[in-house]
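Numbering-wise, my numbering puts 137 at position 137 of the sequence shown, and it's gapless, one number per residue.
This report concerns only the one structure given below.
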Amino acid sequence: MRLIDTHTHLDFEHFDADRTEVIARSLRRGVERILVLGVFAGNWERVWQMALDEPAVHAALGMHPVFLAEHRPEHLKSLRGWLERLRGADKLCAIGEIGLDYYIEDPDRERQQALLEPQLELAAEFALPVLLHVRRAHAPMIATLKRHKLPRTGIAHAFSGSWEEAREYIRLGYKLGLGGAGTWPQAHRMHRVLKELPLESIVLETDAPDITPHSHAGERNSPEFLPDICHELARIKGITPEALAEASYRNSCEVFGWAGQ
């Protein structure tokens with residue numbers, strides 16, 4: 001069973017003590033590629049160096065809406081500079097993590113939107129897919145994506161919206177990232193949506209170190225848990241783990257333009 005973890009934060013300090021071992025264990029469990037996402041200018045160098053050092057790791061660079069306090073206007077210029085320098089690099093796979101988060105306390109919606117839009121413009125200019133963070137903001141995100149109509153789309157990460165919202169992303173050509181949240185028994189709406197989702201719209205992720213699956217409750221999440229997530233989501237959907245893994249692998253390769261579909 002081949003897997004791709006389309007969303008992690010392996011650069012975070014949670015992995016400082018055993019990062020190399022985590023990657024090795026993940027590879028042994030069939031996780032062939034691991035995406036690590038930048039969230040603010042201060043961690044782009046660390047993320048990119050990790051991609052250079054680890055054959056299985058690929059990088060995305062972006063400015064996350066939750067880290068508004070870290071962002072400065074000049075960081076958009078810095079992001080452009082990174083994209084220009086890395087244009088065509090095999091290890092640069094997307095712009096992300098970017099998006100809208102209305103779940104956090106007192107969200108500055110206007111500033112989040114003002115940060116998102118130029119990053120979508122960079123994605124269009126550099127022909128890169130986007131990795132989207134969306135919490136309680138699917139309607140404005142979908143409206144924004146309809147305006148931008150990117151030449152390459154991307155992934156709505158950690159999707160937990162309604163079937164109607166899922167259908168809108170799918171119509172726009174986006175894949176839906178599914179991970180540990182859907183494995184919990186109380187995630188009834190996610191279970192209903194999962195059963196409706198077409199296989200060609202699903203990619204798998206962990207969001208490590210966050211959103212640990214039910215089978216590893218209380219632990220730090222890790223890409224090595226992706227096979228467990230795959231098995232549980234497949235059970236809920238009523239298909240084999242192999243079928244879900246194959247579809248996710250194929251869909252991930254499609255998003256990132258990788259061979260091996």
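All C-beta atoms, glycine included, are put in the ideal place defined by N, C-alpha and C.
All of these numbers come straight from a predicted model, not from anything done at the bench.
Burial check for Arg171: the Cβ neighbour count within 10 Å stays below 16, so the residue is exposed.
Residues Trp44 and Leu61 of the same chain have their beta carbon placed closer than 7 Å to that of Trp82, with the five preceding and five following residues left out of the count. A distance below 8 Å between beta-carbons, with the five flanking residues on each side excluded, links Leu194 to the following residues of its chain, in chain order: Leu178, Gly182, Leu233, Ile236 and Lys237. Around the beta-carbon of Thr20, fewer than 16 other beta-carbon atoms lie within 10 Å, marking it exposed. At the C-beta level, Arg28 and Ile4 stay beyond 7 Å of one another. The three-state secondary structure of Val36, taken from DSSP, is strand. Closest option to Ala187, judged by alpha-carbon separation, among Ala208, Ala158 and Glu242: Ala158. Within the segment 18-64, the runs of beta strand (DSSP E) at least 3 residues long that lie entirely inside it are, in chain order, 31-37 and 57-61. Within its own chain, the residues whose Cβ lies closer than 6 Å to the Cβ of Ala208, once the five positions on either side in sequence are excluded, are Thr8, Asn221, Ser222 and Pro223, listed in chain order. Bridge partners of Ile4 according to DSSP: Arg33. Only residues of its own chain outside the window of five on either side were considered, and among them Pro241 have a CB closer than 7 Å to the CB of His231, listed in chain order. The Cβ atoms of Leu150 and Ala124 lie closer than 7 Å to each other. For the 7 Å CB-CB criterion, Leu122 and Gln112 do not form a contact.
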